[in-house]
Amino acid sequence: MKTKTSLFFILLWSLCSTVAQAQINFGGLAEFELRKGGADSDPTVNQTPNDEWFVYSPSVRIFVNGRISDQWFVSGALQSDYYRGQRSEIFFSSFNINWLASESLKITAGRFITPFGRYDELLLSSQNPFVHMPLSHVWNMPVDRKQGYVFSGTSYDGIAGQSLVYRRLYSQGLMLSGVNERETLEYQLAATLTSVSSYTDVGEQDRPALTGRLVMQPVIWNKIGISFSNGPYLIDDPINDVLQDERRAKYHQTIVTAYTEFSYHYYQLLLQYTFNRWDSPWIDSQGELVEDNIQNDVTHYLAKLKVRFPFWVGGYGAVRFERYLPHDITLNSRDITGQPTPDKDRFEFVIGYKVKRNITLKTSYLLSRNDGLELEDDVFAIQLSAGF
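When you number the sequence shown by numbering that gives the first Met the number 0, it's gap-free, plus one each residue, and the end is 387.
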């Protein structure tokens, strides 16, 4: 990892040193949290492993930007996360080169933030009024990138299935983006190595995934956003040798989301709808094809209300409600029809305060309910987000 880090800075220096006016800018963001989960708290869902008091740093990022010329620049981020009970090694969450072709077109190549949904608010704690990620990013469906549908057990990383949107929110590929002159229309279109929920290395997919995002602001108090993505997610692995390359590539993830946001004085209201489908096979642990095609569908609803306090400069309150609804699936070989996972409702209540321009303090309570299951996985958290 030290070698990769050294190569990163050597590359940035060599690019920037070729131009007299080039410059490199550094910045960072660190998060610190105090949490206490319920008796059934699950680290794969809420990063809170048990009902003990837990102090940790969820993520630390270093941002690097190097300008080569007026039209060219490079951008990257080094990151380390606390995940599943331990601190990850430092890795490149993003590293890309950008060309400003015109005032309304930027071309980005490399690893960049996935242009899907309200990623700007979700990616950085300094921009997110909440502490937790929404259910669409953390709650898994039993769909595996090696076996497809997973009836029981797991085949990688000890986690059964995938979330609708990949947690790290980064993709590798080529992206076009821009905004119109009046800044009432913003667009992004990307061709990436895999679907938004999965991750693969170069050469593991026969065709790219396509992801697009469009944000319109017809009036000053309203925004409308639409996102879509379609692409393969299964990877070549000995356990799915029963599938030929062309057959494996036909299984796709398709996801669409739409939201509308209203702003009035101190109030901000967001309503969002997401539909996701995985077309998947069912390959058992012995590599046998049990089912050729299963449609794994999920619907996710989200409503958010944020209020800035007029009596407390920098203070705000926010509440978010989510409903996560997996659709019924049919397993013909077992003569079973039913939901693969339960419905889930979740509330998050937050009081936040911007202490300084780059420092935000939040207190959060997460209230979760699973249909038919009496789980005690609620979480109390205090988060300090510090930019530098």
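All C-beta atoms in this analysis are idealised placements derived from N, C-alpha and C, irrespective of residue type, glycine included.
These numbers were taken from a predicted model, which means no experiment stands behind them.
Item, Value
"C-alpha gap between Ala190 and Asn64, whole angstroms", "23 Å"
"For Met174 and Leu374, the rounded distance between their alpha carbons", "42 Å"
"Three-state secondary structure (DSSP) of Ser367", "strand"
"Local Cβ density within 10 Å of Pro339, reported as buried at 16 or more and exposed below that", "buried"
"Residues that DSSP places opposite Phe387 in a beta bridge", "Note: Phe387 sits in no beta bridge, so no partner."
"Coarse secondary structure for Arg34, derived from DSSP in three states", "strand"
"First through last residue of the alpha helix (DSSP H) which encompasses Asp344", "From DSSP, Asp344 is part of no alpha helix (DSSP H) but of the beta strand (DSSP E) over 343 to 355."
"Residues near Glu182 by beta carbon distance below 8 Å, same chain, minus five either side", "Gln216"
"CB of Gly172 within 8 Å of CB of Leu192, strictly", "yes"
"Residues of its chain near Ala100, where Cβ-Cβ distance is below 8 Å and the 5 sequence neighbours each way are ignored", "Gln70, Ile106"
"Range covered by the alpha helix (DSSP H) that runs through Glu287", "Glu287 -> no alpha helix (DSSP H), and no H or E assigned at all."
"Residue ranges of each beta strand (DSSP E) within the stretch 105 to 187, 3 or longer", "169 to 178"
"At least three beta-carbon pairs within less than 8 Å, the stretch 326 to 339 to the stretch 354 to 364", "no"
"Cβ-based neighbour list, Pro141, same chain, cut-off 8 Å, excluding 5 preceding and 5 following", "Tyr148, Val149, Phe150, Ala159, Gly160, Asn295, Pro339, Thr340"
"Test item: CB-CB of Ser262 and Trp220 under 8 Å", "yes"
"Cβ-based neighbour list, Glu120, same chain, cut-off 7 Å, excluding 5 preceding and 5 following", "Gln126, Asn127"
"Test item: CB-CB of Tyr422 and Arg167 under 8 Å", "In the structure as shown, the chain begins at 0 and stops at 387. Residue 422 is therefore absent and cannot be evaluated."
"Status (buried if at least 16 other CB within 10 Å, exposed otherwise) for Gly202", "exposed"
"Counted within 10 angstroms of its Cβ, other Cβ atoms place Val241 as buried (16 or more) or exposed", "exposed"
"Whole-angstrom distance between Arg368 and Lys3, CA atom to CA atom", "Because the pLDDT at Lys3 is just 43, under 50, the model does not fix this residue reliably, and the value given afterwards should be weighed accordingly. About 43 Å."
"One or two residues paired with Phe53 in a DSSP bridge", "Arg34"
"Contacts around Ile61, its chain only, beta-carbon distance under 6 Å, and the 5 residues preceding and following it disregarded", "Gly27, Leu77"
"C-alpha distance - Tyr364 paired with Glu32, whole-angstrom precision", "13 Å"
"Start and end residues, beta strand (DSSP E) containing Asp278", "266 to 282"
"Residue closest to Ser176, alpha-carbon to alpha-carbon, out of Phe115, Ser284, Gly36, Val54", "Phe115"
"Range covered by the alpha helix (DSSP H) that runs through Glu245", "244 to 248"
"Residue nearest to His264 in terms of C-alpha spacing, selected from Phe308, Asp39, Asn45", "Phe308"
"Nearest neighbour of His299, chosen from Glu290, Arg319, Asp205 [CA to CA]", "Arg319"
"Anticipated Cβ contact below 8 Å, Tyr169 with Phe111, distance rounded", "7 Å"
"Phe25 versus Ser93 - alpha carbon distance", "14 Å"
"Reference Phe394, options Thr47, Glu30, Gln22, closest by Cα", "Only positions 0 to 387 of the chain appear in this structure, which leaves residue 394 out of reach."
"Exposure of Gln252, with buried meaning 16 or more beta-carbon neighbours within 10 Å", "buried"
"Exposure label - Ala317; buried when at least 16 CB within 10 Å", "buried"
"Tyr232 - partner residues in DSSP beta bridges", "Looking at the DSSP assignment, Tyr232 forms no beta bridge with any residue, so it has no partner."
"Expected contact under 8 Å - CB spacing of Lys343 and Tyr323 to nearest Å", "4 Å"
"From Gly386, Tyr258, Met132, Tyr55, residue whose alpha carbon lies closest to that of Ser226", "Tyr258"
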